[in-house]
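Student:
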Amino acid sequence: MAEGGNELALELKVLELKKAQIFDCIQKLYDASKAQKPDASFKKKVGCVDQLFTEYTMLCERANVLGLKINPEKKISFSDLDTMQEMVSMIKYTHGLILAALQQQSQSASGSKVATELPSVVKEPAMKLPPLEIPFFNALQQQSQSASGSKVATELPSVVKEPAMKLPPLEIPFFNGDLSKWPMFYEIFKANVHDSQLSEAHKLQYLLSKLGGTAQNVCAGIPPTAENYLVIFNALVEKYQDKRNLAHIYLEKMFKFNQVKSSQQLSTFVDYFAANVAALEALKIDDLGQFLLFYIACQKLDSESRRRFETSLKNEEFPTFSKLLEFVKQEAKASSRVQPLSSSTDSHGKYVPPHARSSKPAGPKFNHSFFVNKDGCPVCQRAHVMSKCKVFLEKTPKERYDLVKKNMLCVNCFGTGHQAYLCGEPRCSECHLNHNTLLHFGSMEQSNKPIGKTPIKSSNSQEKAANVKSCNTQEEVSNNIVSSVCSQSSVLLSTVKLGSTDQFGNLVKLRFLLDSGSMCNIITDQAVEKLGLTMSPSLENITGIGSDSKPVRGEVKFNFHSCLDNRMNFNIRALVVSDIVDKLPIQPVDFSVLNYLHNLPLADNDFMNPGVIDGILGSPIFPYLLDHTVKTVFGKKDQPVAMGTKLGYVLMGNAPILQKPVNKQFCMFQKTSVNFDDKLSKFWELDNVKDALLSDKYSPDEKECEQHYSDTVVRDETGRYVVTLPFKEDPSELGDSHHTAVKRFSGLERKFKVNVEFANQYSKAMSEMVENGFMVKALNQKDKSGYFIPHHAVIRPESASTKLRVVYDGSAKTNSGKSLNDILHSGPTLYNELFMILVNFRLFPFVLIGDITKMFLQIKMDPKDWKYQRLLWRNSPDQPLEVFELTVVIFGLRSSPFLAQRTVKQLIHDESKYFPRAEKIQDSLYMDDCVISFLTEEDGKLFYHDVVNLFKKGGFTFTKWGSNSQNILEDIPVEDQIGVWNHDSLNCKVLGIHWNGTTDNFEFRVNQKPTQCTKRSILSSILTMFDPLGSASTYNIVC
């Protein structure tokens, strides 16, 4: 306890020193504000007042908390804040008066001389200065000296008259992974950002802000730093710059264009086809006619045949019809040798669907009523047909139906090898539907009644009439807004059956309610558990009739498809609740009287039976499910209406029932709301800069990842950390990745042939990986299990250390459709706030920066996970391809940033007791960069030595040290220093901002081009600066 108290007292002392320094600074500004004419220093420093006051408030709160921890009886006071607030108010009031006076002088001085100068590099003192305002000026037409009587001297590159029309801001489109929108996004972004003179940090900022949806998954696992901008951009280009898929999209749009029904639609036709044809021609397909025939023919093939054809392609970007026809011929020959052609046709050569084909060869046609199975009756095993079996006839229609389905027989003729809708025998004599009369349910009473020796056909009309009569005499005065409960019918709500896949790829069928009155999509937690979905927290509530509000358990995103056509896919966001409604429909429906629904593709083929509702498809998805190309089917009175949707026909309205009605009705109106207090709390959470140390709201997945790390991390005999891959799914779900890796490596070798220098650098980088033990040759070269990672290189000529970096594509899909990144946890975000690090960097007068050398590669991977980090490599095409395994944490995996940062935190936790001065580095790290400031030079020296020694314990090395103090640099070896500041190349950066350690200034380069001087060109130059602190902002020059 004494040791903990000493640490709190030490921290409290540091906080008091910080408070004293800020108070002294404010005091000086306050004294200057009371002078009759404040000096230039006051005008420069007044911009920092608000920031200093905010920081002083936080320090007071923290100091009081520590004081209470040390001495719980201590009296707390915030009186010094009142004094501080009065001084700040006086300072800001004086500053306002100065600005008003300057503005008045500027307006009155019409004949004054105005000189402006825009340097190529704007230097700003890095400590406690107001934001730099870069001029946003208007171009003026030169005035004659005789007309104005005054001389206006400007040193601007050019002076032109401002156009009268204001140009709109240039907007880069948003890209969410939709391939049809890629060409526009790529061309606009490349022309205005990628090919510009912006810094890579600024380009990355633009790129990430314009990505969403599946496009964001491409950069998963790649740290968002300036050095990785080209890695992320090239990964996007490699995935989406696919001319073949673009051609398919344009053709698909034209083939699916609805028929023109009036002359008013002709302009739409012209615009639509002209745009798609122009886009198709822009792809410069060598033989567009052959490719068009290929596209038409390819649509008629099954997915498996198309996949095999794609696999057979080599370097052909646009296949031809001739190539496809040759492939199909070969496939047909191979199929005929394996299976006779007659397997897909009947005796007359007519095509038979796969599900209706019999495994036995076609024979003579028998009358199924007298055909005797050689194995006997499936019920009693005697030598007679099942329709004559006494045991079978003594059962109820429901029990007979279950026996027929259990033995996989036709429900119409009790034969084998086909289904009822393909059966040619007579149908039910009662309802004329596709089933045997022995299986006719009629009513619920009759379905539970055995036939025995009674005739098959029976009438219960008198009983039904009695039921109706007795029902109509009850509650005749009841007035109900939905339907009368005193009738032999109920109300059907529109239910649909959906197909989805769980976390293991298995098909899961769900039953949803289609409800346009719901403002949100809803799913039950039981369905979420079936699908294995990851639930995200949500503050929304669900409100129904009577304004009863109920909080939701969270929200999920999932994909579903139609059970009739799995190509009809939808992605939705849904709120999770514990339950929705009782089973629907509330009573079994008498389907036997609904003859008009015969042969309709129903979205819920079990609509007549009460069943569990797994969720609601509300208004966000409802209009996109409607299918206006099919007609609505109406029945008679008190019969449901069949409405066409893309999931099939849905039924709604009154429907006849089999049992006595139940007085129970539902209204599925839903709306979402958020409590005002929750909204306000969420607003402040988003508006404030979060403290990473206080943010412990991890999601269940993040907690699982953290627990996995804590349970598995170990240290070897050298002190290095050994980690394992945090799988969130079973790695056995990964399919074959070897084929993709071979194909990608072949493309890499083709680049080697074109650029020998590139090949030599790449080979050197791979050799260094082997020499350093980061990569080893696999013991079993024939083993293709695990995961083979495709790799490529990113060249950065401006880099001082690593000009060529090998990156790994952990998002490459296997033949199962999953990649390694898909089944890995990404872990919680451990980055410190960039803004807070930069503010702390300018807190004290002496600063120090450093960099961890190859941080990822210093962390070892557990040998049992090496097989998931395999790659293919050879130094020459003459050599055989060899399998290597990466033994360390690598770039490109989703979990790598978390593993690296978490390991550094673990190292600090394990070793900081031996190096106490290095503990504060935890709040000054941004990935592998250390940025910190000190009150004295001695503190900086002690910190440097403790940090270097602490990180050596874990196998890490710190280099690229820089400081604004020569005394601190004298303790650092020259080879570990970042070097002397180069004004031309701006070679030193602090988290992406150019920093001159000699003058201790942040510097911003304004890239000027010989172009016409306009508002847009000025803003374009200003926006080339990466400025997360906002210390360089624009202002107007009044001339």
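Those letters in the sequence shown? Residues 1 to 1039, per full-length UniProt numbering, in order. The C-beta atom is built at its ideal place from N, Cα and C for all residues, glycine as well.
Between which residues of its own chain and Val630 is the CB-CB distance below 6 Å, once the five residues before and five after are set aside?
Tutor: Taking the first residue of the sequence shown as position 1, residue 630 is located at position 630. Excluding residues within five positions, the ones whose Cβ falls inside 6 Å are Gly644.
Student: Within a Cβ cutoff of 6 Å, which residues of the same chain sit near Glu911, ignoring the five residues on either side of it in sequence?
Tutor: Within the sequence shown, the letter at position 911 stands for residue 911. Answer for Glu911: Leu950, Lys953, listed in chain order.
Student: Specify, as a first and last residue, the run of the alpha helix (DSSP H) that Gly747 falls within.
Tutor: Along the sequence shown, read from residue 1 onward, the residue named residue 747 stands at position 747. Looking at the DSSP string, the run of the alpha helix (DSSP H) that includes Gly747 is 738-754.
Student: So is Thr94 buried or exposed if we call it buried at 16+ other beta carbons inside 10 Å?
Tutor: By 1-based counting over the sequence shown, the position of residue 94 is 94. Thr94 is buried by the Cβ-count criterion.
Student: In this structure, does DSSP put Ala383 in helix, strand or coil?
Tutor: In the sequence shown, residue 383 corresponds to position 383, counting from 1. Ala383 falls in the coil class under three-state DSSP.
Student: Could you tell me if Gln143 is buried or exposed, where buried requires 16 or more neighbouring beta carbons within 10 angstroms of its beta carbon?
Tutor: Residue 143 sits at position 143 when you count from the first residue of the sequence shown. Summary for Gln143: the model assigns pLDDT 36, below 50, so the residue's position carries little reliability; its value from the coordinates is reported in the next sentence. By the neighbour-count rule (16 or more Cβ atoms within 10 Å), Gln143 is not buried but exposed.
Student: On the CB-based measure, 16 or more other CB atoms within 10 Å of its CB, does Cys930 come out buried or exposed?
Tutor: Numbered from 1 along the sequence shown, position 930 holds the residue referred to as residue 930. Buried, since its Cβ has 16 or more Cβ neighbours within 10 Å.
Student: Out of Leu301, Asp946, Gly997, Ile993, state which residue places its alpha-carbon closest to the alpha-carbon of Asn967.
Tutor: Residue 967 sits at position 967 when you count from the first residue of the sequence shown. Of Leu301, Asp946, Gly997, Ile993, the residue nearest in Cα terms is Gly997.
Student: Let's test the definition: count the other Cβ atoms within 10 Å of the Cβ of Leu209 and tell me whether it reaches 16, buried, or not, exposed.
Tutor: Stepping through the sequence shown from its first residue, residue 209 is reached at position 209. The displayed chain sequence assigns Ser, not Leu, to residue 209. That one is exposed.
Student: Can you give the beta carbon distance from Asn521 to Ile616, rounded, assuming they're within the 8 Å contact cut?
Tutor: The sequence position of residue 521 within the sequence shown is 521, counting from 1. The sequence position of residue 616 within the sequence shown is 616, counting from 1. Yes, they are in contact, since the Cβ atoms of Asn521 and Ile616 sit about 6 Å apart, within 8 Å.
Student: From Arg744 to Met775, what does the alpha carbon distance come to, in whole angstroms?
Tutor: Residue numbering aside, residue 744 sits at position 744 when the sequence shown is read from its first letter. Residue numbering aside, residue 775 sits at position 775 when the sequence shown is read from its first letter. Distance between the alpha carbons of Arg744 and Met775 is about 19 Å.
Student: Go ahead and pull the three-state DSSP assignment for Asn6.
Tutor: Here residue 6 is taken as the residue at index 6 of the sequence shown, counted from 1. Helix, per DSSP.
Student: What residue range does the beta strand (DSSP E) around Trp995 cover?
Tutor: The residue you call residue 995 lines up with position 995 of the sequence shown. Note, Trp995: beta strand (DSSP E), 993-996.
Student: Buried or exposed: where does Gln265 fall if 16 or more other Cβ atoms within 10 Å of its Cβ makes it buried?
Tutor: Within the sequence shown, numbered from 1, the residue matching residue 265 stands at position 265. When all chains shown are included, Gln265 counts as exposed.
Student: At a cut of 8 Å, does the stretch 760-773 reach the stretch 715-726 through at least three beta carbon pairs?
Tutor: They do not touch, by the three-pair rule.
Student: In chain order, which continuous runs of the beta strand (DSSP E) of length 3 or greater are located wholly inside the stretch 483-522?
Tutor: Qualifying beta strand (DSSP E) stretches, in chain order: 489-492, 495-501, 507-514.
Student: Leaving aside the five residues before and after Lys239 along the sequence, list all residues of the same chain whose C-beta is less than 8 Å from its C-beta, in chain order.
Tutor: For the purposes of this step, residue 239 is identified with residue 239 of the sequence shown, where counting begins at 1. Result list for Lys239: Val218, in chain order.
Student: Is the beta carbon of Phe512 less than 8 Å from the beta carbon of Thr495?
Tutor: Sequence index remark: in the sequence shown, residue 512 carries index 512 (1-based). Sequence index remark: in the sequence shown, residue 495 carries index 495 (1-based). Yes; because the gap between Cβ atoms is below 8 Å, this pair is in contact.
Student: Is Ala642 helix, strand or coil when you go by DSSP?
Tutor: Here the question's residue 642 lines up with position 642 in the sequence shown. It is a strand residue.
Student: State the start and end residues of the unbroken alpha helix (DSSP H) segment that holds Pro880.
Tutor: Taking the sequence shown and counting its residues from 1, the one referred to as residue 880 is at position 880. No alpha helix (DSSP H) holds Pro880; DSSP gives it neither H nor E.
Student: Could you check which residue in Leu600, Val237, Thr936 has the C-alpha nearest to that of Pro183?
Tutor: Here residue 183 is taken as the residue at index 183 of the sequence shown, counted from 1. Taking only the C-alpha atoms, the option nearest Pro183 is Val237.
Student: Less than 8 Å separating the beta-carbons of Glu555 and Ser536?
Tutor: Sequence index remark: in the sequence shown, residue 555 carries index 555 (1-based). Sequence index remark: in the sequence shown, residue 536 carries index 536 (1-based). The answer is yes: Cβ separation under 8 Å.
Student: For the beta strand (DSSP E) holding Asn559, just list the boundary residues, first then last.
Tutor: On the sequence shown, position 559 is the one that residue 559 refers to. Asn559 -> beta strand (DSSP E) spans 554-562.
Student: Among Asn599, Met608, Asp614, whose alpha-carbon lies nearest the alpha-carbon of Asp582?
Tutor: Sequence index remark: in the sequence shown, residue 582 carries index 582 (1-based). Of Asn599, Met608, Asp614, the residue nearest in Cα terms is Asp614.
Student: Around the Cβ of Arg870, are there at least 16 other Cβ atoms within 10 angstroms (buried) or fewer (exposed)?
Tutor: On the sequence shown, residue 870 is found 870 positions in, with the first residue counted as 1. Buried: at least 16 other Cβ atoms inside 10 Å.
Student: Rounding to the nearest angstrom, what Cα-Cα distance links Lys18 and Ile76 in this structure?
Tutor: Sequence index remark: in the sequence shown, residue 18 carries index 18 (1-based). Sequence index remark: in the sequence shown, residue 76 carries index 76 (1-based). Rounded to the nearest angstrom, the two C-alpha atoms are 19 Å apart.
Student: With a cut-off of 8 Å, do at least 3 Cβ pairs link the stretch 731-740 to the stretch 913-925?
Tutor: They do not touch, by the three-pair rule.
Student: What does a CB cutoff of less than 6 Å around Leu602 pick up in its chain, not counting 5 residues either side in sequence?
Tutor: To locate residue 602, count along the sequence shown from 1; it is residue 602. Around Leu602: Gly648, Tyr649.
Student: Can you tell me which of the three DSSP states Phe392 falls into?
Tutor: Taking the first residue of the sequence shown as position 1, residue 392 is located at position 392. Residue state, collapsed to three classes: helix.
Student: So the beta strand (DSSP E) Tyr272 belongs to, where does it begin and stop?
Tutor: For the purposes of this step, residue 272 is taken as residue 272 along the sequence shown, with counting starting at 1. Here Tyr272 belongs to no beta strand (DSSP E); instead the alpha helix (DSSP H) covers 266-282.
Student: With contact counted as at least three CB pairs below 8 Å, one residue from each stretch, are the stretch 897-914 and the stretch 799-819 in contact?
Tutor: Output reads no: the stretch 799-819 does not touch the stretch 897-914.
Student: Looking only at its chain, what residues have a beta carbon closer than 6 Å to the beta carbon of Glu919, apart from the 5 residues adjacent to it on each side?
Tutor: Counting from 1 along the sequence shown, the entry for residue 919 is found at position 919. If we look at Glu919 and ignore the five residues flanking it on each side, its Cβ neighbours are Ser912.
Student: Below 7 Å CB to CB, which residues in the same chain sit around Leu10 once its five sequence neighbours on both sides are set aside?
Tutor: Taking the sequence shown and counting its residues from 1, the one referred to as residue 10 is at position 10. There are no such residues.
Student: Jot down the residue ranges of each uninterrupted alpha helix (DSSP H) in the stretch 171-211, minimum 4 residues, whole runs only, in chain order.
Tutor: Those alpha helix (DSSP H) runs which fall completely within the stretch 171-211 and span 4+ residues are 182-189, 200-209.
Student: Between the C-alpha atoms of Phe42 and Leu99, what's the straight-line distance to the nearest angstrom?
Tutor: Counting from one through the sequence shown, the residue named residue 42 turns up at place 42. Counting from one through the sequence shown, the residue named residue 99 turns up at place 99. The straight-line gap from Cα to Cα measures roughly 13 Å.
Student: So what does DSSP say about Ala778, is it helix, strand or coil?
Tutor: The count along the sequence shown starts at 1 and reaches residue 778 at position 778. Three-state DSSP puts Ala778 in coil, outside helix and strand.
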